[in-house]
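Numbering (our numbering), first residue to last: 43 to 316.
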């Protein structure tokens, strides 16, 4: 589900520390620096909506309809996650094939290398792609709007309130997450030359380590990111990962006018579905 947040004068007091001025800094494993003003102290198991309503009643925050609409959705999600048992992630499937086709063939062709288009050629998915129709995990939320509309404050409140063990939820800036992904893919290919597509194994490892992923500033500008995201997140959603993200762009504008965008477009469909 995607929901838009708009900036308005009434938000000024609710954005005392929420400007996203941390771009480029390395995020801790489970959360970023808090954007919550003094006096707003969410705790695990609390209602995100109630936390903000209490802050409004105390005069710490001003009420804003768009923020409250997003909080209603996040409050419902927090309730579902409280009673949800993340699926057991079995052993990783063995890799097969070579790096010349499929995703890596597409990446190679983008940068002028060899390798066939494989099953990822064109704008459709692979022939073996799993359907997300039967995924039983709760639906996540994608919140988008301009700088200063309260996305970080709302995300902070939700993340702290979600009743999951700290090791099963992760909060990270999306750019930092993708740097980590490329590093791990590189290490895998160095350690396993000639092995098959490493994306499924990486998705398996991520799904084993966290059930909830919260991303700040979800945006896609790089072709290598775009091609990896499409495969990686389909696998993550298939494993039952729940994603909550903030962004400056609506889903349909992600990687707009990007190189080889038809190969990325299936991700937008998966994002809307999950």
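We treat Cβ as the ideally placed atom computed from N, Cα and C, and that holds for glycine.
Quiz item: Which whole runs of the beta strand (DSSP E) in the segment 192 to 230 are 3 residues long or more, in chain order?
Solution: 211 to 215
Exercise. Given a cut-off of 8 Å, decide if residue 256 and residue 89 are closer than it, judged by their beta-carbon atoms.
Key: no
Exercise. For the segment 264 to 275 and the segment 240 to 248, state whether three or more C-beta atom pairs, one from each stretch, are separated by less than 8 Å.
Key: Because the criterion of three Cβ pairs below 8 Å is met, the segment 264 to 275 and the segment 240 to 248 touch.
Quiz item: What is the rounded straight-line gap between the Cα of residue 121 and the Cα of residue 239?
Solution: Approximately 37 Å, taken between the alpha carbons.
Quiz item: Where does residue 172 sit, in a helix, a strand or coil, going by DSSP?
Solution: Here residue 172 sits in coil by DSSP.
Quiz item: When we look at the beta-carbon of residue 91 and count the other beta-carbons within 10 Å, is it buried (16 or more) or exposed?
Solution: buried
Quiz item: What is the DSSP secondary structure of residue 45, counted as helix, strand or coil?
Solution: strand
Quiz item: Quick one: any contact between the segment 185 to 202 and the segment 252 to 271, if contact means 3 or more CB pairs under 8 Å?
Solution: yes
Practice problem: Give a yes or no on whether the C-beta atoms belonging to residue 254 and residue 226 are separated by under 8 Å. | Solution: Contact check for residue 254 against residue 226 fails: the beta carbons are separated by 8 Å or more.
Exercise. In the DSSP assignment, find the unbroken beta strand (DSSP E) run with residue 258 in it and report its ends.
Key: 254 to 258
Exercise. Specify the secondary structure class of residue 121 as computed by DSSP and reduced to three states.
Key: helix
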